[in-house]
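Here is the structure we will look at, set down as structure tokens.
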Amino acid sequence: MLRVSQKLLILNLLLILVLVGSAWSFKLKFSLEKGSDDIHLRQPFTVFFDQSNLRLYVADTGNNRLVSYELDGTPLKEFDAAGQLRGPIAMIRDDHGNLWVVERPLNSLTFIDLKAHRLERHQIVYQGNPVLIDRLIWWAPYLMLLDRTSGKILALDDNLNIKKVIAPEDPNFRGFIDFKIKGDILWGLENITGRIFTINLKNNQEKIIYPRAKIVLPISIEIDNQENLYILDRDLKKIFVFDKSGHLRYSFLKEGFQPGQVRYPWQLLFVKSDLLVVDEGNGRVDVWGH
Amino acid sequence: MKRLGLLVILAILGLALQVQAGQSCFSPKCHSRGKIIKGQPHKPVASGQCEKCHFPHVSRYKNLLREPQTEICFSCHKKFEKNISKASFIHRPVAEKSCLRCHDPHSSTHKALLKKDTKNICFSCHKDLQKKFKYSHSPFVRGRCLSCHDPHFSQDRRLIKMQSNKLCFSCHKNRRQIAKIHGENIDHVECLSCHQPHGSNKKGILRSISHRPYEEKNCKVCHQTKRRGIALCLKCHDKNINSFEHFHNHLLGNYQENACLVCHNPHVGDTRDLLKDKPKYLCESCHSQIKQQRAKSLYVHPKCDQCTNCHLAHGSDHPAMLIKGGNDTCVRCHKTQGKFTHPVGEKVVDPRNGQPITCITCHEPMGTNFKYNLRLSGEATLCLECHKNY
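For the record, the sequence lines run as chains A and B.
Using this note's numbering, you'd call the opening residue of the first sequence number -19 and step up by one each time.
Using this note's numbering, you'd call the opening residue of the second sequence number 799 and step up by one each time.
Right, dumping it as structure tokens:
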């Protein structure tokens, strides 16, 4: 018969194995590196997953183009709006199949109607200040964008009117650096501190999660189906994984040039159960799977 | 005869006890008490406990010390060592455990066993502080550095004893007079953001460079306007918004009410762009990893603390917010390396990631443990990353 202390020891060992195992179970499946024209990605910033056609779209910022991929990593097409795109850092495809692209050098929210071959550039202004558009998410019927000038998230309608401004009520709020929306819940990552704000977009209920780890430069956030929180640290070149109350579960990733290593990572995105890490420095998107 | 034997034994015992107590170390022939003890002695010296620090016969450490010089002080001052470990900022000699740079281990005529008086001891390293100002702060002139600074560690990077306004108000007690100039909310004032605590050529020991409206006493330009946030600054500096329209930028909206003030002081400063602090400290306040990297590395790029020599502060299209690309930034100074070197540039591709090879493919200016700031050993490891068949 096992003593209580022995049972506890075995339980602890099992727990450690589960924790370590979950970190180990993330394995690099493949990387998105080139377009179908064999040209390597250059300073890619973000990736967008279109659920309607199950395709991935990479903002190939340094090459002034967008590149689409099959879910298995097969490159499909390149799109640069006949040479008109300038430094696209983010994009989404809305319910009508139109593209919304952030062209950072022009600070433009650019609308592209692919069928009509129409491209319109828009500058957004909020409270008299030019909006420095960063991350984009389509949350029907709104185009949600992160404004780096105000640090807030703006919900825009079809006519690009600001319908809602999303920011926590916390007086110490220091602006968002990234956000994700899952269902009706917005998860916002705070600048520098790495605090995570959850805001219910329907009833405005708020919650703050304090990640319990020494994060240096949080840059992107993701949430899995179990509500584990993934924070990408650009300076530490690591992904920290927390449980839903902010306790650190494990961390992975390291600096380097080889596939699976990162130099200047920018974005995390879950596509089904795969975790995509966009690395500007190595010019690729690493796809990690369980 | 028996009595004589007893006396001899007692004498030997007494001598042994004396040796044990360290009394025998002090003798005119060996270690003159007068030469070792000048002024206030260190407690073990006063009680003749030389053996607390020294072996009498042999030792593997200099001066017959029982432990390395960097460890011996902490063998007694344990609580102090514990406190150091909790501090955010540690004075370099303390971090290096070089206590003897400031303290005499035996005795001193100065307080706290200091080797010299405070002023001389501080200025022996901080030579750049020996300036004469038109207007000087009294403790600075009198060399009373320790009135404001903690010489060992602090929670503030300037090693000040407490939060700056509290520290200032501990002497400047006439709060009513201060409130007259600075407004009623003086507890939230950061005195050192505008005042140079050592001295200045400006009245009120203000920092040397002023924002024009402040210089012209045209306060209402900023303080009587409906504009808030960065709009307030953009009213005059309207072209600056374009400097943020890059792939990377430092626009930290909402980090505080006016994001410009995360880095800039709206009134006065020591630099032309009115930075709140020296670039090194200002940048490190967020990029703390870089500070650690520099501290841990054997080889760091010279003038690495002048961040804005290579990095743009507002925005850049290059990773790490470099001024130019990974080659062009470096060849501004390293002119020959731009011409004669391992092939670099657009047409030379790194097989590991398909990206063009630049100087920073192999070098890491922020610091590494390899010569020339190489990322890995230049003997072979680094080269073999790409040239696998060699």
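From the three backbone atoms N, C-alpha and C, an ideal C-beta is built for every residue, glycine too.
| Asked | Found |
| --- | --- |
| Run the CB neighbour count on ARG940(B), radius 10 Å, all protein chains shown included, and call it buried at 16 or more, exposed below. | exposed |
| Of all Cβ atoms in chain B, is any one closer than 8 Å to the Cβ of SER200(A)? | no |
| Considering only the alpha carbon of each residue, which of SER130(A), LYS234(A), TRP80(A), ASN262(A) lies closest to ILE219(A)? | LYS234(A) |
| Quick check on DSSP: helix, strand or coil for VAL1129(B)? | helix |
| Can you tell me whether DSSP reads LYS1000(B) as helix, strand or coil? | coil |
| Thinking C-beta only, is ASP954(B) closer than 8 Å to PHE853(B)? | no |
| Count the other CB atoms, across all protein chains shown, that sit within 10 Å of the CB of ILE199(A); report buried if there are 16 or more and exposed otherwise. | buried |
| Which value, in whole angstroms, describes the spacing of the CA atoms of ARG35(A) and LEU99(A)? | 22 Å |
| Taking C-alpha atoms, which residue in TYR190(A), GLY77(A), VAL105(A) lies nearest to LEU94(A)? | GLY77(A) |
| Listed in chain order, which residues of the segment 1069 to 1097 of chain B have Cβ atoms closer than 7 Å to some Cβ of chain A? | CYS1084, HIS1085, SER1086, GLN1087 |
| At 9 Å on the CB atoms, spell out the chain B contacts of SER32(A), in chain order. | By Cβ distance, chain B contributes nothing, its closest Cβ being about 28 Å from SER32(A), past 9 Å. |
| Using the three-state DSSP reduction, which class does TYR1012(B) fall into: helix, strand or coil? | helix |
| Could you check which residue in VAL38(A), GLY236(A), LEU209(A), PHE153(A) has the C-alpha nearest to that of VAL221(A)? | LEU209(A) |
| Compare the C-beta of THR41(A) against all C-beta atoms of chain B and say whether one is closer than 8 Å. | yes |
| How about the segment 1049 to 1061 of chain B and the segment 1022 to 1031 of chain B: do they share at least three Cβ pairs that are nearer than 8 Å? | yes |
| For a cutoff of 8 Å on Cβ pairs, would you count ASP254(A) as touching chain B? | no |
| Check whether chain B comes within 8 Å of THR26(A), counting only Cβ atoms and requiring the distance to be less than that. | no |
| Assign ASN918(B) to buried or exposed, taking buried as 16 or more other Cβ atoms, counted over all protein chains shown, within 10 Å of its Cβ. | exposed |
| I believe ILE211(A) touches ILE189(A) by the beta-carbon criterion, under 8 Å. Please report the beta-carbon distance rounded to the nearest angstrom. | 10 Å between Cβ atoms; not a contact. |
| Quick one: measure Cβ to Cβ for PHE6(A) and TRP268(A), integer angstroms, because I've assumed they're closer than 8 Å. | 5 Å |
| Does HIS1132(B) come within less than 8 Å of chain A when only Cβ atoms are used? | no |
| In chain A, what lies closer than 9 Å to LEU1050(B) by C-beta? | ARG128, GLY131, ARG154, GLY155, ILE157, ASN171, ILE172 |
| Threshold first: 3 residues or longer. Then list the beta strand (DSSP E) segments lying entirely within the segment 129 to 153 of chain A, N to C. | 132 to 136, 142 to 146 |
| Considering Cα atoms alone, identify which of PRO1064(B), ARG1005(B), VAL1129(B), CYS1184(B) is closest to PHE237(A). | CYS1184(B) |
| DSSP three-state label for GLY832(B), please. | helix |
| Residues in the same chain with beta-carbon distance under 7 Å from HIS1046(B), minus the five sequence neighbours each way, listed in chain order, please. | GLY1113, SER1114, MET1119 |
| Excluding five sequence neighbours on each side, which residues of the same chain lie with their C-beta closer than 6 Å to the C-beta of SER1008(B)? | VAL1066 |
| Does any residue of chain A have a CB that is nearer than 8 Å to the CB of ASN983(B)? | no |
| Give me the Cα-Cα distance between VAL145(A) and CYS1157(B), rounded to the nearest whole angstrom. | 44 Å |
| Please state the DSSP three-state secondary structure of PRO826(B). | coil |
| ALA61(A) by DSSP, collapsed to three states: which one? | coil |
| Tell me, please, whether the CB atom of GLY1143(B) is closer than 8 Å to any CB atom in chain A? | no |
| Which residues, in chain order, does the segment 62 to 78 of chain A contribute to contact with chain B at a C-beta distance below 9 Å? | GLY67, ILE69 |
| Quick check: what's the CA-CA separation for PRO826(B) versus SER857(B)? | 23 Å |
| Can a CB atom of chain B be found closer than 8 Å to the CB of HIS20(A)? | yes |
| So which of GLN185(A), GLU170(A), ILE179(A) has the shortest CA-CA distance to PRO191(A)? | GLU170(A) |
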